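Asks: In order, the protein sequences belong to chains A and B. Going left to right, the first sequence walks through residues 176 to 487 as this note's numbering numbers them. Going left to right, the second sequence walks through residues 27 to 242 as this note's numbering numbers them. Supplied in structure tokens, the structure appears directly below.
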Amino acid sequence: MAPSSSQIWPIGGGKGGTGKSFFTGSLGILLAKLGRRTLLIDLDLGAANLHTIIGVSHPEKSLSDFIRKKAASLEETIVPTSIPNLSLISGAMNALDIANLAHEQKAKILRNITKLPYDCILLDLGAGTSFNTIDFFLLSDSGIFLTAPEPTSIENIYRLIRSVYFRKIRQVLKTHAFQSLAEEAQQQNEKATVSNPDLLLAMMKELDPEKGAFLEKTLAAFSFKLAVNQFRKQDNPNLGELVCRIVQKHLALKIDFIGNVAFDDRVHNAVCKTTPFLTLYPYTQTALDLRECCSRLLSEEAASSAAQRIAE
Amino acid sequence: MKNPRQQTYYEKLEVPHDASPLEIRRAYKKLFELYQDESLASYSFFSEEDRKEILSDIEEAYLTLINTESRMSYDDGLIALGRLPEEKSYRDAAKEPVPIYHLQKKTMGVASSGRRKEELQTLASRTPAVREILSRDALTGADLEKLRAALEVPLEEIAESTNIRIDILRAMEGGDPATLPPAVYLKGFVKSYARCLALDEHAVAEKYMKGTGKNE
Ligand SMILES: Nc1ncnc2c1ncn2[C@@H]1O[C@H](COP(=O)(O)OP(=O)(O)O)[C@@H](O)[C@H]1O
Ligand SMILES: [Mg+2]
């Protein structure tokens, strides 16, 4: 797939109700206000509600028009919002679950997303770890995980991170004729499988330093982000950092914590009024936290793209 | 997930070879926070078994490096394996500032310094779980462990300052009863344990003996 000229940020994780749509919509509004041409895509097919969060009551068009070929191009399904620089591809009116999207349909959407002319594209992925969800997540190296500070939500985050990791390794093994090398590694050490990536990587590097280094480089290109939503006073403010530490240490993946977003009852009010929370309550702690997340996201991004340029 | 190459204790604790005892203690506390039973961040990542193994690995590294003597002999091993340049070892750094180490050791002991004691007492009074446990009239080993976890005191600290063996401390917290000392000693041990947490040692010991049925 040709690299996209836009910055793509998939947002996933947690359970339904964690606040992925709220976070995605709010982040989109903030990026648009900073002057970036921003597109939000609601891929939580079946439970699409991103439009409501950003104040669009009844989107006229949606992704299903493209899937059903009512729209000739993905671009045709874009609807404007009342916020300058912010557009939306809605997932509403879609009876389909993303997990059931046929391979062809998925490939077509993936291909076309990368061609859209925007500065930033945010993907609201919904919950779940189906292959399709993960393939959308892998459209970018810098996906954002959102979790609530609860055991169940964190468990889901780990499940998603592992799935993303394993799928990436499998992709590399498949597309670069690595399969026989991986098999050889496994023959020498039966534990060297994709579910034991550290060992697999070490074995492959030993057997074929060049290919091993390639796989390592691919995995090192990830630069994930983690945010904690619905944060309450009694919660441990370091939780996000601790989760990132576990992932960095035990999966050797780069992941940076970008902030806690406070719980606020008024989020519910804003959703009920179909008006963005940031518009109604711009001076609350939650709004402040969202802006902080946005600015950390941008500075992390600037730092890692600078690092990449130096490496190349 | 294991690295093919065995990590050194320094790598396990993520400290440099010339780390001071204070740095080692801090590093250990941070890791303990990450892997302890009540850590939200690690409980769903590992199986219970894996997490226990990681914890005991870190404990082993900590106990070896926090003691000057065992640390030096461990360093000698690393130097012999070529994994630690001689000039980088703690021994070198320790040549002059030995007194500082002793000084630090003194002030850092569990609840031995006035300040630490005060901190623990404030923490205890602010933690509802601690107050609730202390209000009971009988305590079990699991209660001791809960108190200690809530007050964030690693078992190793207690072992170090009381000189009670760590497996005995574990047994006191509800582990293998076969390792428990006879009741005559036990009460004294519980008192020392409670003292480390800056709790009322007499009350805790009485309630523990009652709760574990050892006071007849
Ligand atoms: N920071 C927050 N504070 C209070 N409520 C929130 C917050 N974030 C989300 N919510 C509530 O959770 C509900 C679900 O959020 P949503 O973004 O739709 O979750 P998801 O997309 O993860 O399923 C929202 O309707 C809102 O009422
Ligand atoms: Mg949603």
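Beta carbons: idealized from backbone N, C-alpha and C, even for Gly. Because the structure is a prediction, the values reported are computed rather than measured.
For histidine 128/B, is the classification buried or exposed, using 16 other Cβ atoms within 10 angstroms of its Cβ as the cut-off for buried?
Replies: Counting from one through the second sequence, the residue named residue 128/B turns up at place 102. The predicted position of histidine 128/B is uncertain, since its pLDDT is 41 and thus under 50; a value taken from the coordinates is nonetheless stated next. By the 10 Å Cβ count, histidine 128/B comes out exposed.
Asks: Starting from the C-beta of proline 125/B, find all residues in its chain whose C-beta is less than 8 angstroms away, skip the five residues before and the five after it, and write them out in chain order.
Replies: Start at 1 with the first residue of the second sequence, and residue 125/B comes out as number 99. With a pLDDT of 43 at proline 125/B, under the threshold of 50, the modelled position of that residue is not reliable, and the figure given next carries that caveat. Correct list: empty, nothing qualifies.
Asks: State the DSSP-derived secondary structure class of isoleucine 126/B, mapped to helix, strand or coil.
Replies: Within the second sequence, the letter at position 100 stands for residue 126/B. For isoleucine 126/B, the pLDDT reaches just 41, beneath the cut-off of 50, and the residue's location in the model is therefore unreliable, leaving the point undetermined.
Asks: What would DSSP say about lysine 424/A, mapped onto helix, strand or coil?
Replies: Along the first sequence, one-based indexing puts residue 424/A at 249. Looking at lysine 424/A - three-state DSSP - the assignment turns out to be helix.
Asks: Valine 418/A touches chain B at which residues, Cβ-Cβ below 8 angstroms?
Replies: Start at 1 with the first residue of the first sequence, and residue 418/A comes out as number 243. Within chain B, the residues near valine 418/A are Ala67.
Asks: Rounding to the nearest angstrom, what Cα-Cα distance links leucine 206/A and serine 470/A in this structure?
Replies: Within the first sequence, the letter at position 31 stands for residue 206/A. Within the first sequence, the letter at position 295 stands for residue 470/A. Those two C-alpha atoms are separated by around 9 angstroms.
Asks: Per the contact definition of three or more C-beta pairs closer than 8 angstroms, is the stretch 293-312 of chain A in contact with the stretch 380-394 of chain A?
Replies: no
Asks: With which residues is threonine 322/A paired in a DSSP beta bridge?
Replies: For the purposes of this step, residue 322/A is taken as residue 147 along the first sequence, with counting starting at 1. Residue pairing from DSSP places threonine 322/A in a beta bridge opposite Val403/A.
Asks: Please check if any C-beta of chain A sits within less than 8 angstroms of the C-beta of serine 70/B.
Replies: Stepping through the second sequence from its first residue, residue 70/B is reached at position 44. Cβ-Cβ to chain A under 8 angstroms: yes for serine 70/B.
Asks: In the stretch 333-359 of chain A, which residues sit with their C-beta less than 8 angstroms from some C-beta in chain B, listed in chain order?
Replies: Tyr333
Asks: Among residues of its own chain, excluding the 5 on either side of valine 216/B, which ones have a beta-carbon nearer than 7 angstroms to its beta-carbon?
Replies: On the second sequence, residue 216/B is found 190 positions in, with the first residue counted as 1. Met198, Val230, Ala231 and Tyr234, listed in sequence order.
Asks: Apart from the five residues just before and just after threonine 193/A, which ones in its own chain have a Cβ nearer than 8 angstroms to its Cβ?
Replies: To locate residue 193/A, count along the first sequence from 1; it is residue 18. Closer than 8 angstroms at the Cβ level, and outside the excluded window around threonine 193/A, lie Ala302, Leu321, Thr322, Ala323, Ser328, Asn404 and Gln405.
Asks: Taking the beta strand (DSSP E) that leucine 291/A belongs to, which residues open and close that run?
Replies: For this step, residue 291/A is matched to residue 116 along the first sequence. No beta strand (DSSP E) contains leucine 291/A, which DSSP labels as neither H nor E.
Asks: Run through DSSP, which three-state label would lysine 465/A get?
Replies: In the first sequence, residue 465/A corresponds to position 290, counting from 1. What sits at residue 465/A in the sequence shown is leucine, not lysine. Of the three classes helix, strand and coil, the one that applies to leucine 465/A here is helix, per DSSP.
Asks: In chain order, what residues of the same chain have a beta carbon less than 6 angstroms from the beta carbon of serine 201/A, not counting five sequence neighbours either side?
Replies: The residue given as residue 201/A occupies position 26 in the first sequence. These residues qualify, in order along the chain: Leu453 and Leu465.
Asks: Does any heavy atom of ligand 2 sit closer than 7 angstroms to the C-beta of asparagine 224/A?
Replies: To locate residue 224/A, count along the first sequence from 1; it is residue 49. Checking every heavy atom of ligand 2 against the Cβ of asparagine 224/A, one is found closer than 7 angstroms.
Asks: Give me the Cα-Cα distance between tyrosine 69/B and proline 326/A, rounded to the nearest whole angstrom.
Replies: Counted from its first residue, the second sequence places residue 69/B at position 43. Counted from its first residue, the first sequence places residue 326/A at position 151. The alpha-carbon atoms of tyrosine 69/B and proline 326/A are separated by roughly 8 angstroms.
Asks: Starting from valine 436/A, follow the alpha helix (DSSP H) in both directions and report where the run begins and ends.
Replies: The residue labelled residue 436/A in the question sits at position 261 within the first sequence. Segment 430-437 is the beta strand (DSSP E) holding valine 436/A; no alpha helix (DSSP H) there.
Asks: Can you list, in chain order, the residues of its chain with a C-beta nearer than 6 angstroms to that of alanine 445/A? Leave out the 5 residues immediately preceding and following it.
Replies: Counting from one through the first sequence, the residue named residue 445/A turns up at place 270. For alanine 445/A, where only same-chain residues beyond five positions count, the Cβ hits under 6 angstroms are Phe452 and Leu455.
Asks: Any idea what DSSP makes of proline 451/A, helix, strand or coil?
Replies: As a position in the first sequence, residue 451/A is number 276, starting the count at 1. Coil.
Asks: Thinking C-alpha only, which one of Leu146/B, Arg162/B and Asp83/B is nearest arginine 174/B?
Replies: Translated into positions along the second sequence, residue 174/B becomes position 148. Ranking Leu146/B, Arg162/B and Asp83/B by Cα distance to arginine 174/B puts Leu146/B first.
Asks: What's the C-alpha gap between glycine 188/A and isoleucine 309/A?
Replies: Numbered from its first residue, the first sequence carries residue 188/A at position 13. Numbered from its first residue, the first sequence carries residue 309/A at position 134. If you take the alpha carbons of glycine 188/A and isoleucine 309/A, they lie about 10 angstroms apart.
Asks: DSSP three-state label for proline 208/B, please.
Replies: Indexing the second sequence from 1 puts residue 208/B at position 182. Residue state, collapsed to three classes: coil.
Asks: Using a Cβ-based criterion (distance less than 7 angstroms to any ligand heavy atom), does phenylalanine 438/A qualify as near ligand 1?
Replies: What you label residue 438/A is simply residue 263 of the first sequence in a count that begins at 1. Yes - ligand 1 has a heavy atom lying nearer than 7 angstroms to the Cβ of phenylalanine 438/A.
Asks: Let's test the definition: count the other Cβ atoms within 10 Å of the Cβ of asparagine 275/A and tell me whether it reaches 16, buried, or not, exposed.
Replies: Position 100 of the first sequence holds residue 275/A. Result: exposed.
Asks: Could you tell me which chain A residues have their CB closer than 7 angstroms to the CB of leucine 81/B, listed as they occur along the chain?
Replies: As a position in the second sequence, residue 81/B is number 55, starting the count at 1. Going along chain A, no residue has its Cβ under 7 angstroms from leucine 81/B, so there is no contact; the nearest lies around 14 angstroms.
Asks: Is the Cβ-Cβ distance between leucine 57/B and leucine 417/A less than 8 angstroms?
Replies: As a position in the second sequence, residue 57/B is number 31, starting the count at 1. As a position in the first sequence, residue 417/A is number 242, starting the count at 1. Cβ atoms of leucine 57/B and leucine 417/A: not closer than 8 angstroms.
Asks: Identify, in the order they occur along the chain, each residue of the same chain with its Cβ nearer than 8 angstroms to the Cβ of serine 338/A, setting aside the five sequence neighbours on each side.
Replies: Numbered from its first residue, the first sequence carries residue 338/A at position 163. So the qualifying residues of the chain are Thr304 and Ile309.
Asks: Is the beta carbon of glycine 187/A within less than 7 angstroms of some heavy atom of ligand 1?
Replies: To locate residue 187/A, count along the first sequence from 1; it is residue 12. Glycine 187/A: no, Cβ never under 7 angstroms from ligand 1.
Asks: Around the C-beta of glutamate 186/B, are 16 or more other C-beta atoms found within 10 angstroms, so that it is buried, or is it exposed?
Replies: The residue given as residue 186/B occupies position 160 in the second sequence. So glutamate 186/B counts as buried.
Asks: Would you mind working out which of Pro47/B, Lys114/B, Leu66/B and Ile105/B sits nearest threonine 90/B, comparing C-alpha positions?
Replies: Here the question's residue 90/B lines up with position 64 in the second sequence. The option with the nearest alpha carbon to threonine 90/B is Pro47/B.
Asks: Flag glutamine 33/B as yes when its Cβ comes closer than 7 angstroms to any non-hydrogen atom of ligand 1, and as no otherwise.
Replies: Sequence index remark: in the second sequence, residue 33/B carries index 7 (1-based). No, since every heavy atom of ligand 1 falls outside the 7 angstroms radius drawn around the Cβ of glutamine 33/B.
Asks: Would you check if there are 3 or more beta carbon pairs closer than 8 angstroms linking the stretch 390-404 of chain A to the stretch 420-434 of chain A?
Replies: With three or more CB-CB distances shorter than 8 angstroms, the stretch 390-404 of chain A counts as touching the stretch 420-434 of chain A.
Asks: Identify the contact partners of leucine 160/B in chain A, using a Cβ-Cβ distance below 7 angstroms as the criterion.
Replies: For the purposes of this step, residue 160/B is identified with residue 134 of the second sequence, where counting begins at 1. Correct list: empty, because the minimum Cβ distance to chain A is about 21 angstroms.
Asks: Show which residues of chain B have a CB atom less than 7 angstroms away from the CB atom of proline 326/A.
Replies: Sequence index remark: in the first sequence, residue 326/A carries index 151 (1-based). Here the neighbours are Leu66, Tyr69 and Ser70.
Asks: List the residues of chain B that glutamate 330/A touches, going by C-beta distances under 9 angstroms, in chain order.
Replies: Within the first sequence, numbered from 1, the residue matching residue 330/A stands at position 155. By Cβ distance, chain B contributes Tyr69, Ser70 and Phe71.
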